[in-house]
Each structure stands twice: as C-alpha cells, then as structure tokens.
Amino acid sequence: MNSSNFRSDNPRRLVFYIGFLLMFLVLFGGFYNLQIFQGREYQEKSLRNSIKVETRTPLRGLIYDREDNLIADNRPSFSIYLIPAQTKEKTVTFLSEVLDIPVKTIKRKMRGYSRRFQPVKIARYVDRQTLSKIQENKADLPGLDWRVEPRRNYVMNRSFAHVLGTLGEVADNDLQKDSNYEPGDVVGKKGIEKVLDQYLRGSKGYRYVKVDAFGRTVETMSSEKNRAPEAGHDLHLTIDADLQAYADSLFQDKTGALVAVDVRNGEVLTLVSKPNYDLDAFAEAVQQDVWRSLMADSLKPLFDRAGQGTYPPGSTYKMVAAIAALNEDIVAPSWKVYCSGSYRIGRRIVRCWNLQGHGEVEILKALAQSCNVYFYQLGLKIGIDHWNHYSKMFLFGERTNVELSGEKSGLLPSKRYYDRVFGEGNWTAGMLANIAIGQGELLVTPLQMARFTMMLANSGEYYQLHLLRKLVNKMDGSQQNFDHEPQYITGIDTLVMQTIREGMRRVVAGGTGSRAGVWQMTGGGKTGTAQNPHGKPHAWYIGFAPFEEPEIAVALIVENGGGGGGVAAPMAGKYLRRYFHKLDRFDYAAEAEFLRKLWVRRQQQAQADSLQKRIEEQTNRIIETIPLRRSQ
Amino acid sequence: MKKRFESLDLTILIAVYGLLFIGLMALYSTSLSLVQSGTGSNFFMSQLRWIAIGSIVMLIAAFLPNRMYFDYAYLAYIFALALLLMVLKWGTTGYGATRWLNIAGFGFQPSEIAKIATLLAVGRFLSEERSSINRPRTFIIASAIILAPFLLVARQPDLGTGLVFIVIALPIFFWAGLRPNNLLLIIAPVLALFASFNIYLFVLYLAILLACLLYMRAGIVSGVLYFAFNIGVGFLTPRLWGQLKDYQQQRIITFWNPEADPLGAGYQIIQSKVAIGSGGLFGKGFLQGSQTQLRFLPEQHSDFIFAVIGEEFGFLGVVAGLVLFTVFLMRTVHLASIFRSRFNSAITIGIAVMIGFQMFVNIGMTIGFFPVTGLPLPFISYGGTALLTNMVLVGMILNFHRNKFEY
Chain A
1 MNSSNFRSDN PRRLVFYIGF LLMFLVLFGG FYNLQIFQGR EYQEKSLRNS
51 IKVETRTPLR GLIYDREDNL IADNRPSFSI YLIPAQTKEK TVTFLSEVLD
101 IPVKTIKRKM RGYSRRFQPV KIARYVDRQT LSKIQENKAD LPGLDWRVEP
151 RRNYVMNRSF AHVLGTLGEV ADNDLQKDSN YEPGDVVGKK GIEKVLDQYL
201 RGSKGYRYVK VDAFGRTVET MSSEKNRAPE AGHDLHLTID ADLQAYADSL
251 FQDKTGALVA VDVRNGEVLT LVSKPNYDLD AFAEAVQQDV WRSLMADSLK
301 PLFDRAGQGT YPPGSTYKMV AAIAALNEDI VAPSWKVYCS GSYRIGRRIV
351 RCWNLQGHGE VEILKALAQS CNVYFYQLGL KIGIDHWNHY SKMFLFGERT
401 NVELSGEKSG LLPSKRYYDR VFGEGNWTAG MLANIAIGQG ELLVTPLQMA
451 RFTMMLANSG EYYQLHLLRK LVNKMDGSQQ NFDHEPQYIT GIDTLVMQTI
501 REGMRRVVAG GTGSRAGVWQ MTGGGKTGTA QNPHGKPHAW YIGFAPFEEP
551 EIAVALIVEN GGGGGGVAAP MAGKYLRRYF HKLDRFDYAA EAEFLRKLWV
601 RRQQQAQADS LQKRIEEQTN RIIETIPLRR SQ
Chain B
633 MKKRFESLDL TILIAVYGLL FIGLMALYST SLSLVQSGTG SNFFMSQLRW
683 IAIGSIVMLI AAFLPNRMYF DYAYLAYIFA LALLLMVLKW GTTGYGATRW
733 LNIAGFGFQP SEIAKIATLL AVGRFLSEER SSINRPRTFI IASAIILAPF
783 LLVARQPDLG TGLVFIVIAL PIFFWAGLRP NNLLLIIAPV LALFASFNIY
833 LFVLYLAILL ACLLYMRAGI VSGVLYFAFN IGVGFLTPRL WGQLKDYQQQ
883 RIITFWNPEA DPLGAGYQII QSKVAIGSGG LFGKGFLQGS QTQLRFLPEQ
933 HSDFIFAVIG EEFGFLGVVA GLVLFTVFLM RTVHLASIFR SRFNSAITIG
983 IAVMIGFQMF VNIGMTIGFF PVTGLPLPFI SYGGTALLTN MVLVGMILNF
1033 HRNKFEY
C-alpha cells in the first residue's frame, strides 16, 4: 500500500472542518430564524392549520296541510364525501362500484373546487348496507369521509307530488346566483319546495373542529364563534290533505287535473295532477333509472297538469262570450236562436253536440244545454275584440302566480295574433265562432279555470290563488299569515252577472252538469267537452257551490276523457259531496235514503201511470166503439 | 474481549447512538396516531429491530480484517453495478421510480449497497501506487468509477440518491491531492450552469472566469477551449432542463417559491416549516406536536422526520441533533486525517461527505432551503436498507480507527 498518507496535509483538513462548520451554522441560523425569530407567527399558523370550519346542514322546514296534518318532515341519512387532495384512484374506483356512479361523474364532481381540502359530496341518502360496505374498507380508501345529514321524509307522498315538487342538488347557475348556496346543497327543484326554498332551507350552522390532515374530525372545539344551524320555517299549506287524497283517488288511472279553491279567500284546497310520481324514489341516491323511466313515460308523470298543462277549455268558456254579448248589449237575454243540430258558416257546416237540435234557445237554455249553435252565432256577433277584452277581464292569458314552479300562461288569441299567424284578412269568421265555444287556438290551464270559476261564483270578486297559509318560525315561534285582499272585476253589469250565474245554476239543476249536483245543495257549473288533436275530447267541468253564498270552486279536466257531463261532472259532484260532508252539511246516508225513496216513488208513479194509461186506453177503446149519432 | 471494545472510537459511537435515539423518539411520535387508529404500521418497533440488526452489522464491519476492504473493493463494486442493472430490469416500482429489488422475499435498495461499494472502489483506485489525481488519466478513471453507479441510479430514476455519488467525488479527489487550480476548473462549469439562468449573471460569471484564467496563466489554446466549454454549458443548460421529468422540474420550481402552490408541491415544505416554526425554543413536548399528531406534516417518518423533532423538542432539540451530527462529522474528518492508510483515509473522508451531504440536504429541505429530493436523514429516518448501509459505514470507520497505524 502507498506509504505517503494524506494526514500531513493540514490545510485540506481545515477545508473540511470549515465546510462542516458552515453547514452547521447555516442550519442553525435557519432553525433560529424559524423557531426563535418567527416562532410566534408559526405557532399561530399551526393553530389555524388544525382548526377547520365545518358547515352544519339545517333541518328543512316541515310542511303541514291546512289542518296541521304532517305532509313532509326529515329523517337522518348518510352522505359520502371525498377530499380531492387525498383521494386516490382506488377510492374512486371502489366508490364507483359500490354506489353505482360512473367514475367520470365522481371525478367531474371533484374537479373545479379550488379548495382541495374541502370535502365534496359524492352521494347522498346512502343506505345502511352500502355505508357499512364503505366503512369496512375505509382504511384502504384515502380521502373518504361521510356525514349524517337530514333527508326529506314524505308522510304523504304521491297525491302531493306536484304540490311539493322534488328536491335535488343545487345547480351550478343557482350557485352563482345565490351566495347562500354551496356545492352539494339540497334545494327545491320544483313546486313549493322550489318557490319557497328561501323559507324552507333555514340557515347553516358553523362549527369549529380540530381535524387531522385527512380532514377527519379529531374533536369539536368549544368556540363562541360556533353557530347552531337554524331550521327552516314550517309551512302550513292551504291544501286539505284529506280532500287532496280523495281527489287523487277519483282519477283512478285517468289522466288530468283538479283544482279546488275556497272562493272566500283564494286558498287552494286541492291541487291534483295525474299521473303523479313517487317523491321518495326521487330522493334516493341512485335516481338515474327512476328519472329515465319517468321521462320516458308517455303519460309524463313529472308534468304538472294543473299549472303547466294548457288545454282548449271547450264549453266551459261559453260564459265569457255570453257576458261579452250581454254586457255590450250585442244581444238581449231574450234573443233566440233556432238550433237544428247544425249551423252553416260560409261553406262549412258546424254541428251542435246534440244532433237532434235544441229547438228554440235563449241564453239560459243555451248555457244549461250547452248549445253550440247559439254560441256560434253569438261569437260571430261579438267579434274578436270584445271577446278578447272580456277574456282579459277574467285574466286569461295570465298566470295565476300560485306558489308553483313553471306555471304556464296559456294562449289568449287576439286580432293581432290572428293577423300575425294567418296574415291580415286571411282568417275567417269560422274561427271566431270556434273560440266562442272555447275551441280553436285558445289554451287555458286548470288553475286559470279555477280562478275563472271563483270570479263567476263571487260575481266578479276574486283573490290571489295561493297555497301558503302560514309560516312558522321554529326558532322564535313567530307566525306569519298570508291573507290576501279581495280584488274585483269592474265594468260588468250586475244583471248580466246574475243572468250568467242563473244559467250556470240551470246547468247543474237539470242541465248537462246535473251529475255534479249535490243533494239539498244548489250550485252552479258548466261542462265542457273540448275537441283536441290527441284523440277523445277532454272532459271539463267547472263549478261552485253553494249557489247563494259560494264557498268552493272546482275546475277539473280529464284528458281525453270524453264528455264533460258524463265523465267530469260526476267526479266534481263526488268531490263536492266530500267537501260538504267534511263540513257536516252533506249526509251520504241521507242522500242514499232519499234516492231510494225517489226510486220507489218513481216505480210507484210508473206503476200508477201505467195503470192510469191502461184505464184510459180501455176507456178510449170503449168510447170509440160507441157509434156517433149525427144530429140533423 | 474488553480490550477489543475499548479499541472502538467512543466519540463516533456516542454521536451515532445519540442520533439513533433521537430518531427513535421521533418515530415513536409519528407512529402513535397511526397505530392508535389502526391505519398505519408501527415504524418505531420495526426501526428498533433494524437498529439491533444494524448494530450487529456495524460490529461485524468493525472487526473484519482491515485488508478485506481493500482486497474485495473492486469485486464489491462490480457486484453492486450488477445489482443496479438488475433493478432496472426486475426492480419493484413505486412512486414512479424503480428502486427496490426483491430477492427471496427480502426487499432492499441496491443503490445503498452501491454507495459502500463505490467508496471502496474509488478509495482503492486513488490509493494505488501509480495513481495521481492531478493526472488526467487518474482523474478520468476515478470519475468513471463514480459516474457509472450515478447513471444507473439516476435511471431508476432517483436523482437524490444519485447526487450523493456525484457529491463525494470532488471532496475525495481534493483529499487525495487535487490541486486548487484544477478544482476550480472542474467547479467552474457547474457555476456556469447556475449562472446561465440569468443573462447578466452569466456575463458577470464569464468575466470572473476570464480573470481567473489569466491569473492562473492558462495556456492560450487550452484557455480558449476551456472558456468556450463554459459558454457551451451555459447554452445547453436550458435544453437539459427540458429533459427533466415533470415532477423533478416541479420540485425545483416549487423550491424557489413554495407559497405559489400551497396545496400541491409546496404543501410539504409549508407544513414542515409550520411544524418547525411552531415548535419554538422548547418545543410543544413529546407526542404533543399538533402538526405531527394531526398528520398535517407529510412523510414524517422519512423525508420530514426532522420537522417532528423541531416541533416536539423545539430549537433545543434541533440544536442537539445538529451538534451530534457535527460532532460525528468533525470526528470523522479528524480520523481521516490521522489514518496512515491512504485507502482508509480516502474512504473515511468519503463517508463524512456522504453523510454530511445527506444530512445537510434533508434538514435544509425541512426548513425550505432545498427542494424536496427524497433523501432520507441518516440514522434518523425510517428505512432498513439505508440504516444498515449507514451502520456498515460507521463500522468501517471504527474498523479503520482500530487499524489506524496500519499502512
């Protein structure tokens, strides 16, 4: 081995000594700076680091009917969260499998949130089995978190589907519009849950918690900055749950809508649209197929027919033409028309529903028997402008602004409309005759028809239709009532109104709507059989009762149901019976007894009549056999 | 027997076992929350086992016949290179790099073994009779001995460990008698590399280089060539930058400005600084560090273990650790200077530089002086292969000390 070692080279050793000493000094200085010089600053940073503000979801307001029956409340459920910064590929794959959500969807949810340590909600309303599957594997699933959160629980479900509407995760554009929303919040998507979301949602609470770097809560801090969540306001609806369910059952498997209004204040007692859907199914975590099947359903169960369905009103609209004609002195109440069953307009022959003809018809009979020939001729006399003017007086073409989402305003044609669509001078008198009987381009919603009925029942007085009766603030117990001031239609002669109402009374009392009558109760109404391009005519009925001091107005439609008198009127009659039965003013047993007696009497009468007839016949025969003597 | 153990250098042993003890405390602290929540392995217990094994290995290394190191130096070197090649072919991949080799169910990092073998090989070559580091031939061969394992390790890719090889080169050459002039010529291109990122700095650098060359009275031809070479390095650097892996670039960029990406790459450094800074003078107390216990501090059992010490034992604990390291390094340099054998001496200085460099880079990283390189802290970070390697190195120092009078 080489004998000359390196040790004599002292300056070189010094270089290494100095080098390592410098290292020591540099590090010493670095730590001195961090720990002694800036120590206090970093101590504060480390405190803030481990304390996180956690949002606490408030309980959504409860929903009651007008008699304080519970319709919807909340129950606890589990939501799955991911913390993007810590989530690994395997966590996403596992969740995708267990929750049946595509990997892409999960990743899209995580993307775009700048706070990468803020948990992002991946799924809500996860059932216990799924949750326990996830919990078992939590050690292998970095970034995973779950929380207990309230979910909507429907005590009454299907019949209220269109009134309450669905809940869902807040949409991106709503997030931008309202700073109170955070990603993953559950908000009302339709119906009253959407329109009154600001009352129902309450306000979020905040809790300062100590967390580890995985975002998992280690302990809750007691801080005066903690704020408990404030539950949303409780809603008391104007709807009567019992009547609502009853109306729902009346439709069986028919399609259509029924709206009933308390004409003394505009409270909506019943609002049913059929078919409806299962609100619970909608709230489930896996709602893809539910959604798809509902969207694919040709009957469109998600479609609220009461507010969004626009239909030709048919003969239920005849009152508008009648009022216009009488109020403008275009015809006198005594003006008569001969109905032969058909009528010739230009080159077209239009028919009355009664092909035998109604014979001589004046206004009252025309309404009671719903004579089309009378109203064809009336329509030609009134003209589009008057007709449009009076339609507007009854607020057709305007939304009712009841607390429902997506309400339609229908279509009220005017001269301008016809000019635009068909060209000036290119539209015919036939169209006028048609809209006078509620056909043609005119479109209305069942809600509008209910309002119209209220106006007629009250001889021009009406109220804003509403579903919200009372808000209760659970936090301080305060209440807020929603009473609406009456409004009036002005410019219609009292006598005209009386005549029309009398006509409506006769509809029920022996006219086309007699099956909507309630025993020992007078009422007014009008049937409608609206021709439409989708098959059988829509069956309409609008009516109110009692006639003298009206309380309730009903508008109902059965889509492609057939005749208004045969299909819609009996349903309205049943509904009204139920309503008055609840008020102890109608007795099912007494009516049955009365009908039995009536039947018996009719039988007796018939027997008596036939006896009488036989006697008369025999008498006549005897008389005929007696030879007549001619006197000179 | 008693005499045998008295022959071991006590200063080195105290420093090493002091550092191992500090490391165990920190590992106990980081393992606590993991073990309690059942979500992680108990680093403390397995490190304790590694220390036991490491101590035995150290003693074996200390009592092996001194000549064996010299005799088997090249064999060990070739064996290590073979292992590194095997890693590239059959290694286990993790975190985007292939570093581990599994043989009979036993996983280890050949790059650690290569550290020892390379030291032995370069030590032996430099102590050969005909070697003189100031001759180009010796310089090139010695450089090649170091460059070969570096390239293989860098291919894994493990740039951090690779750098350890490069870094030991110049100090060993210098220790073996490299003239300051030559040293400057070697260092100059490295400086050119850093200066090239700023055009003004680069021009200033070239001016200084020119002055130095004139002062050293370099020959016209070689002077001009060398000057041109430096300019070339300056121009090539940006191109080389493009060759780096994205995560490597990211680490270097983040190093300059960690606050720019507080939740991404800079997160680790920020959390580490917060942990250390909040420790203050006396620390938050053993097992009381919120950064550590709440797991805000990343990689706290390996890369950032010194931040655990900083948080829980404060500035005093940090200084204790730094003093132990410095004592170990100073003592090792001292021993290197008294060993008669050039081979023993060269290797000992290599060991000092190797451990000193890893210590400086790792601890410097925790306070944000260096980018996150993934270099573990010797004697303190968790990890079996690294610990065994370091214990073998310590054992070698002890061995050379026992034979300090041998030539």
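Top line first, the protein sequences correspond to chains A and B.
With the first letter of the first sequence counted as 1, position 537 gets the number 537 in our numbering; the numbers rise by one all the way through.
With the first letter of the second sequence counted as 1, position 349 gets the number 981 in our numbering; the numbers rise by one all the way through.
Even for Gly, the Cβ is constructed at its ideal location relative to N, Cα and C.
Output needed for B:Leu-810: all residues of its chain with C-beta closer than 7 Å, excluding positions within five of it in sequence on either side, in chain order.
Sequence index remark: in the second sequence, residue 810 of chain B carries index 178 (1-based). The answer, listed in chain order, is Ile-765, Asn-766.
On the DSSP bridge assignment, give the partners of A:Gly-543 in chain order.
Indexing the first sequence from 1 puts residue 543 of chain A at position 543. BP columns for A:Gly-543 point to A:Gly-525, A:Val-554.
For a contact meaning CB atoms closer than 8 Å, what does A:Arg-45 contact in chain B?
Residue 45 of chain A sits at position 45 when you count from the first residue of the first sequence. Correcting the residue type first, residue 45 of chain A is Lys in the shown sequence and not Arg. Near A:Lys-45 (Cβ distances below 8 Å), the residues of chain B are Val-906, Gly-909, Ser-910.
Are there 16 or more other CB atoms within 10 angstroms of the CB of B:Phe-1032, so buried, or fewer, so exposed?
Taking the second sequence and counting its residues from 1, one reaches residue 1032 of chain B at position 400. Buried.
A:Phe-20: which of B:Leu-961, B:Gly-1015, B:Pro-789 sits nearest, CA to CA?
Looking up residue 20 of chain A in the first sequence gives position 20. Checking every option, the nearest Cα to that of A:Phe-20 belongs to B:Leu-961.
Between the Cα of A:Glu-502 and those of A:Pro-333, A:Lys-121, A:Lys-104, A:Tyr-208, spot the shortest distance and give me the residue it belongs to.
As a first step, residue 502 of chain A is located in the first sequence; it is residue number 502 there, counting from the start. With distances taken between Cα atoms, A:Glu-502 lies closest to A:Pro-333.
What are the partner residues of B:Ser-922, as DSSP defines its beta bridges?
Here residue 922 of chain B is taken as the residue at index 290 of the second sequence, counted from 1. In DSSP, B:Ser-922 forms no bridge with anything.
For the pair the segment 77-94 of chain A and the segment 146-158 of chain A, tell me if three or more CB-CB distances fall below 8 Å.
yes
Quick check on B:Val-950 - is its C-beta less than 8 Å from some C-beta in chain A?
Translated into the one-based positions of the second sequence, residue 950 of chain B becomes position 318. Yes, contact with chain A.
Given A:Val-402 as reference, the closest of A:Arg-60, A:Thr-270, A:Gly-517 once Cα atoms are compared:
Here residue 402 of chain A refers to the residue found at position 402 of the first sequence. Taking only the C-alpha atoms, the option nearest A:Val-402 is A:Thr-270.
For the alpha helix (DSSP H) holding B:Glu-1026, just list the boundary residues, first then last.
Taking the first residue of the second sequence as 1, we reach residue 1026 of chain B at position 394. Note that residue 1026 of chain B is Val in the sequence shown, not Glu. Per DSSP, B:Val-1026 belongs to the alpha helix (DSSP H) from 1016-1034.
Simplified DSSP state of B:Pro-803, which is helix, strand or coil:
Here residue 803 of chain B refers to the residue found at position 171 of the second sequence. If DSSP states are grouped into helix, strand and coil, B:Pro-803 belongs with the helices.
Less than 8 Å between the CB atoms is what I'm expecting for B:Phe-918 and B:Ser-661, so what's the real figure, rounded?
Position 286 of the second sequence holds residue 918 of chain B. Position 29 of the second sequence holds residue 661 of chain B. Rounded, the Cβ-Cβ distance is 7 Å, consistent with contact.
When Cβ atoms are compared, which residues of the segment 12-34 of chain A fall closer than 9 Å to chain B?
Arg-12, Arg-13, Val-15, Phe-16, Tyr-17, Gly-19, Phe-20, Leu-21, Met-23, Phe-24, Val-26, Leu-27, Phe-28, Gly-30, Phe-31, Tyr-32, Asn-33, Leu-34
Is it true that the CB of A:Ala-231 sits closer than 8 Å to the CB of A:Lys-474?
For this step, residue 474 of chain A is matched to residue 474 along the first sequence. For this step, residue 231 of chain A is matched to residue 231 along the first sequence. For A:Lys-474 and A:Ala-231, yes; Cβs fall inside 8 Å.
Could you name the residues that DSSP lists as bridge partners for A:Gln-480?
Counting from 1 along the first sequence, the entry for residue 480 of chain A is found at position 480. DSSP lists A:Leu-471 as partners of A:Gln-480.
Within its chain, find whatever has a CB closer than 7 Å to the CB of A:Asn-157; leave out the 5 residues flanking it on each side and keep chain order.
Numbered from 1 along the first sequence, position 157 holds the residue referred to as residue 157 of chain A. Cβ within range, chain order: Asp-278, Leu-279, Asp-280.
Closer than 8 Å to chain A by CB, B:Ser-663:
The residue given as residue 663 of chain B occupies position 31 in the second sequence. The beta carbon of B:Ser-663 does not come within 8 Å of any beta carbon belonging to chain A, so the residue lies off that interface.
Cβ contact check for the segment 506-521 of chain A and the segment 367-382 of chain A: 3 or more pairs under 8 Å:
Yes, the segment 506-521 of chain A touches the segment 367-382 of chain A.
Quick one: Cα of B:Met-986 to Cα of B:Ala-694, how far?
Stepping through the second sequence from its first residue, residue 986 of chain B is reached at position 354. Stepping through the second sequence from its first residue, residue 694 of chain B is reached at position 62. Distance between the alpha carbons of B:Met-986 and B:Ala-694: 19 Å.
Can you name, in chain order, every residue of its own chain whose Cβ lies under 6 Å from the Cβ of A:Gly-314, other than the five neighbours on each side?
As a position in the first sequence, residue 314 of chain A is number 314, starting the count at 1. Cβ within range, chain order: Gly-438, Gly-528, Thr-529, Ala-530, Trp-540.
Can you find a CB in chain A that lies within less than 8 Å of the CB of B:Val-965?
Taking the second sequence and counting its residues from 1, one reaches residue 965 of chain B at position 333. By this cut-off, B:Val-965 is an interface position.
Which same chain residues end up closer than 6 Å to A:Met-393 when comparing Cβ atoms and leaving out the 5 residues on each side of it in sequence?
Position 393 of the first sequence, counted from the first residue, corresponds to residue 393 of chain A. Excluding its 5 nearest sequence neighbours in each direction, A:Met-393 has C-beta neighbours in its own chain below 6 Å: Ile-489, listed in chain order.
How many whole angstroms separate the CB atoms of A:Pro-229 and A:Thr-255, which I take to be in contact at a CB cut-off of 8 Å?
As a position in the first sequence, residue 229 of chain A is number 229, starting the count at 1. As a position in the first sequence, residue 255 of chain A is number 255, starting the count at 1. About 42 Å; that fails the 8 Å criterion.
At 9 Å on the CB atoms, spell out the chain A contacts of B:Met-1028, in chain order.
Sequence index remark: in the second sequence, residue 1028 of chain B carries index 396 (1-based). Correct list: empty, because the minimum Cβ distance to chain A is about 16 Å.
Evaluate contact between the segment 931-940 of chain B and the segment 61-71 of chain A, counting only Cβ atoms and requiring at least three cross-stretch pairs below 8 Å.
no
Of all the CB atoms in chain A, is at least one closer than 8 Å to the CB of B:Ser-1013?
Residue 1013 of chain B sits at position 381 when you count from the first residue of the second sequence. Cβ-Cβ to chain A under 8 Å: no for B:Ser-1013.
Just how far apart, CA to CA, sit A:Ala-285 and A:Val-98?
Here residue 285 of chain A refers to the residue found at position 285 of the first sequence. Here residue 98 of chain A refers to the residue found at position 98 of the first sequence. Only weak support is given to the placement of A:Ala-285: the predicted model assigns it a pLDDT of 47, under 50, and the value that follows is read from those uncertain coordinates. Distance between the alpha carbons of A:Ala-285 and A:Val-98: 12 Å.
Pick out the complete beta strand (DSSP E) segments inside the segment 385-464 of chain A, 3 residues or longer, and give them in chain order.
none
Provide the residue span of the alpha helix (DSSP H) that contains B:Arg-681, from first to last.
Position 49 of the second sequence, counted from the first residue, corresponds to residue 681 of chain B. Note, B:Arg-681: alpha helix (DSSP H), 675-695.
Can you find at least 3 beta carbon pairs, one from the segment 374-383 of chain A and one from the segment 424-436 of chain A, that sit closer than 8 Å?
yes
Closer than 7 Å by C-beta to A:Ser-249: which residues in its own chain qualify, once you throw out the five before and the five after it? Chain order, please.
The residue labelled residue 249 of chain A in the question sits at position 249 within the first sequence. Cβ within range, chain order: n/a, list empty.
Under a three-way DSSP split, which group does A:Pro-142 fall into?
Mapped onto the first sequence, residue 142 of chain A falls at position 142. Under the three-state reduction of DSSP, A:Pro-142 is assigned to coil, being neither helix nor strand.
Flag this pair as touching only if the segment 340-359 of chain A and the segment 476-493 of chain A have three or more C-beta atom pairs under 8 Å; answer yes or no.
no
Does the Cβ of A:Phe-544 have 16 or more other Cβ atoms within 10 Å, making it buried, or fewer, making it exposed?
Indexing the first sequence from 1 puts residue 544 of chain A at position 544. A:Phe-544 is buried by the Cβ-count criterion.
If contact is defined by three or more beta carbon pairs under 8 Å, each pair taking one atom from either stretch, is the segment 706-715 of chain B in contact with the segment 745-753 of chain B?
yes
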